[in-house]
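Q:
Number of protein chains: 2
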Amino acid sequence: MIRINRELLDFIGKIAADESNNFISQHNFSPKKIVIEQGDKIEFVHIIKSGIAKCYLTNEDGNIFIQEFFGEGVIFGEIEMFNEDETVCAVESMTDLVIYKISRNNFYKLLEENPQFNRLVLRALAAKIKFKAIRYSNSHLNPIETNLLLLKKQFPELFKTIAKPDIANYLGVTERSLNRSIKSLREKKLI
Amino acid sequence: MIRINRELLDFIGKIAADESNNFISQHNFSPKKIVIEQGDKIEFVHIIKSGIAKCYLTNEDGNIFIQEFFGEGVIFGEIEMFNEDETVCAVESMTDLVIYKISRNNFYKLLEENPQFNRLVLRALAAKIKFKAIRYSNSHLNPIETNLLLLKKQFPELFKTIAKPDIANYLGVTERSLNRSIKSLREKKLI
DNA sequence: TTAAGTTTGGGACAAATGTCCTTTTTTTAG
DNA sequence: CTAAAAAAAGGACATTTGTCCCAAACTTAA
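Keeping their order, the protein sequence lines are chains X and F.
Once you know that position 145 of the first sequence is 145 in our numbering, the rest is easy, because the numbers rise by one and skip nothing.
Once you know that position 123 of the second sequence is 1123 in our numbering, the rest is easy, because the numbers rise by one and skip nothing.
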């Protein structure tokens, strides 16, 4: 449930350690800080070095839908680079967070000059699409309880790591409904 | 709502027309033919030359969730290439369909040797992610009527082009609920 | 043109989820 | 340790969506 991308993290770690270029800068965030704002124009691609962040979209009524929880190695901001577009989602730190940033120009340079990086970015995008396809189809085809159970199985530390309102917004339901499902699963001794 | 990718279509059209290579083959399907099966290993990347297809996932109970409607220029099968994985979704023709196919090796060759193609594929993947993010957040944050109305606005020929069961499976609701919403919107003179 | 077959729409009720607000539990300040 | 404040849980009712099935409308064959 918390996405990670170890191969990308390893690769970027090496580039960042290489003193001969300064493609990559590093930035620290304490919890609950906005890393990118919904609707921003952005000039940097971001990759998570450590920590957890949430990527979410707020609609006109102020309702929130959490797209993904980002963990180590996850890249973001790249979508907007490719489409020369404003950000669709906000990204906010949930723990202490360390982020690698690469400027638009350096990102393109790396993509063009480094086939390994190019491949890693292609794979990262493909993984995001696959993940979304499965997640959304599940969430439409199953009732809340089933989805919650699935989540708990994939990620046993769920309730320790993620606050309830976030779990609710990730499942696309209200907190009330989430509580109901938790209670019912507990009564059935399923969680 | 029916995805298209004109820039990719134009590019591929040129490569296909170039007699000096035979990277690209062409295939015809009549309506309601399976182009790729869910769970297949695939060895080709596909790009739609003309026609419409649906991309959908069937769960254990036989319920269907339609991910996207593919129109001209849409690439598919690429996700599975990058992740060396089985297909998550099936793709089925809805009209007469003409498809360009590129073998795994030629696809990689093109990606490596042709920066323009590389960029187009990156952009295609990014567009898919953005589309899914917006679509799914809408579908969670709005009631059926709102989503149906949105769809109808984006795509006025909706009811002429797409069969009702498909619209229902795209919205992630039952046909009964779709009918209810249609009736209610008609009564309010909104469609 | 009509009767059987087939498809489409909708009624009635059931189940799931949301809204609103009160109760219970936890945290904080003094 | 206690009272106030804040956060979390849940009761009661409303609304939305789903299930099941029957009725209406449309096709088809004779």
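For each residue, glycine too, the CB sits at the ideal point set by N, CA and C.
Just so you know, these numbers come straight off a predicted model, no measurement behind them.
1) Tell me the residue span of the beta strand (DSSP E) that contains residue 103 (chain X).
2) Only counting runs of 3 or more residues, tell me where the beta strand (DSSP E) segments fall wholly within the segment 1007-1032 of chain F, in order along the chain.
3) Looking only at its own chain, which residues have a Cβ that is under 8 Å from the Cβ of residue 139 (chain X), when we skip the five neighbours before and after it?
4) Per DSSP, what kind of secondary structure is residue 58 (chain X) in: helix, strand or coil?
5) Buried or exposed for residue 202 (chain X), please, with buried defined as at least 16 other CB atoms from any protein chain shown within 10 angstroms of its CB.
6) Does the beta-carbon distance from residue 15 (chain X) to residue 24 (chain X) come in below 8 Å?
7) Under 8 Å between the Cβ atoms of residue 87 (chain X) and residue 80 (chain X)?
8) Could you tell me the boundaries of the beta strand (DSSP E) in which residue 1068 (chain F) lies?
9) Flag this pair as yes or no: are the beta carbons of residue 125 (chain X) and residue 1126 (chain F) separated by less than 8 Å?
10) Examine the Cβ distances between the segment 1050-1066 of chain F and the segment 1106-1113 of chain F and report whether three or more of them are shorter than 8 Å.
11) Note down, in chain order, every chain X residue with its Cβ under 8 Å from the Cβ of residue 1115 (chain F).
12) What separation, rounded to the nearest whole angstrom, lies between the Cα atoms of residue 177 (chain X) and residue 1040 (chain F)?
13) If I follow the unbroken alpha helix (DSSP H) through residue 1121 (chain F), where does it start and stop?
14) Mind checking whether residue 1069 (chain F) and residue 1003 (chain F) have CB atoms under 8 Å apart?
15) Tell me which residues share the same chain as residue 1191 (chain F) and place their Cβ nearer than 6 Å to its Cβ, disregarding the 5 neighbours each side in the sequence.
16) Going by Cα to Cα distance, which pick from F:1020, F:1155, F:1055, F:1008 is closest to residue 1091 (chain F)?
17) For residue 169 (chain X), count the other beta carbons within 10 Å of its own beta carbon; 16 or more makes it buried, fewer makes it exposed. Which is it?
18) Answer with buried or exposed for residue 1005 (chain F), where buried requires no fewer than 16 other C-beta atoms within 10 angstroms of its C-beta.
19) When you compare only the Cα positions, how much space is there between residue 1 (chain X) and residue 155 (chain X)?
20) Alpha carbon to alpha carbon, what distance is there between residue 1129 (chain F) and residue 111 (chain X)?
21) If you follow the alpha helix (DSSP H) that residue 168 (chain X) is part of, which residue opens it and which one closes it?
22) So residue 49 (chain X) and residue 98 (chain X) are in contact, right, with Cβ under 8 Å, and what is the actual spacing, rounded?
A: Quick look at the numbers:
1) Counting from one through the first sequence, the residue named residue 103 (chain X) turns up at place 103. Counting along the chain, the unbroken beta strand (DSSP E) around residue 103 (chain X) starts and ends at 97-103.
2) Whole beta strand (DSSP E) segments, 3+ residues: 1024-1029.
3) On the first sequence, position 139 is the one that residue 139 (chain X) refers to. Excluding positions up to five away in sequence, the list reads 147, 171, 172.
4) Taking the first residue of the first sequence as 1, we reach residue 58 (chain X) at position 58. Note: residue 58 (chain X) maps to strand in three-state DSSP.
5) Missing from the structure shown is residue 202 (chain X); chain X here goes from 1 to 191 and no further.
6) Within the first sequence, the letter at position 15 stands for residue 15 (chain X). Within the first sequence, the letter at position 24 stands for residue 24 (chain X). Yes; because the gap between Cβ atoms is below 8 Å, this pair is in contact.
7) If you number the first sequence from 1, residue 87 (chain X) lands on position 87. If you number the first sequence from 1, residue 80 (chain X) lands on position 80. It is a contact, given that the beta carbons lie within the stated cut-off.
8) Along the second sequence, one-based indexing puts residue 1068 (chain F) at 68. For residue 1068 (chain F), the enclosing beta strand (DSSP E) stretches over residues 1064-1070.
9) Counted from its first residue, the first sequence places residue 125 (chain X) at position 125. Counted from its first residue, the second sequence places residue 1126 (chain F) at position 126. In contact: residue 125 (chain X) and residue 1126 (chain F) (Cβ atoms closer than 8 Å).
10) Two segments are said to touch when three or more pairs of C-beta atoms, one from each, lie closer than 8 Å; by this definition the segment 1050-1066 of chain F does not touch the segment 1106-1113 of chain F.
11) Here residue 1115 (chain F) refers to the residue found at position 115 when the second sequence is read from its first residue. Under the 8 Å cutoff, chain X gives 112.
12) Taking the first sequence and counting its residues from 1, one reaches residue 177 (chain X) at position 177. Taking the second sequence and counting its residues from 1, one reaches residue 1040 (chain F) at position 40. Cα-Cα distance, rounded: 37 Å.
13) Looking up residue 1121 (chain F) in the second sequence gives position 121. Looking at the DSSP string, the run of the alpha helix (DSSP H) that includes residue 1121 (chain F) is 1115-1141.
14) Residue mapping note: residue 1069 (chain F) aligns to position 69 of the second sequence, counting from 1. Residue mapping note: residue 1003 (chain F) aligns to position 3 of the second sequence, counting from 1. In contact: residue 1069 (chain F) and residue 1003 (chain F) (Cβ atoms closer than 8 Å).
15) Taking the first residue of the second sequence as position 1, residue 1191 (chain F) is located at position 191. Cβ neighbours of residue 1191 (chain F) beyond the five flanking positions: 1152, 1185.
16) Here residue 1091 (chain F) refers to the residue found at position 91 when the second sequence is read from its first residue. Considering only alpha carbons, the answer is F:1055.
17) Numbered from its first residue, the first sequence carries residue 169 (chain X) at position 169. Sixteen is the threshold: when 16 or more other Cβ atoms of the shown chains lie within 10 Å of the Cβ of residue 169 (chain X), as they do, the residue is buried.
18) Residue numbering aside, residue 1005 (chain F) sits at position 5 when the second sequence is read from its first letter. Buried, since its Cβ has 16 or more Cβ neighbours within 10 Å.
19) As a working note, residue 1 (chain X) is residue 1 in the first sequence. As a working note, residue 155 (chain X) is residue 155 in the first sequence. About 6 Å.
20) In the first sequence, counting from the first residue as 1, residue 111 (chain X) sits at position 111. In the second sequence, counting from the first residue as 1, residue 1129 (chain F) sits at position 129. It is roughly 19 Å from the alpha-carbon of residue 111 (chain X) to the alpha-carbon of residue 1129 (chain F).
21) The count along the first sequence starts at 1 and reaches residue 168 (chain X) at position 168. Where residue 168 (chain X) is concerned, the enclosing alpha helix (DSSP H) stretches over 164-171.
22) What you label residue 49 (chain X) is simply residue 49 of the first sequence in a count that begins at 1. What you label residue 98 (chain X) is simply residue 98 of the first sequence in a count that begins at 1. Right, the Cβ-Cβ distance comes to about 4 Å (below 8 Å), so this counts as a contact.
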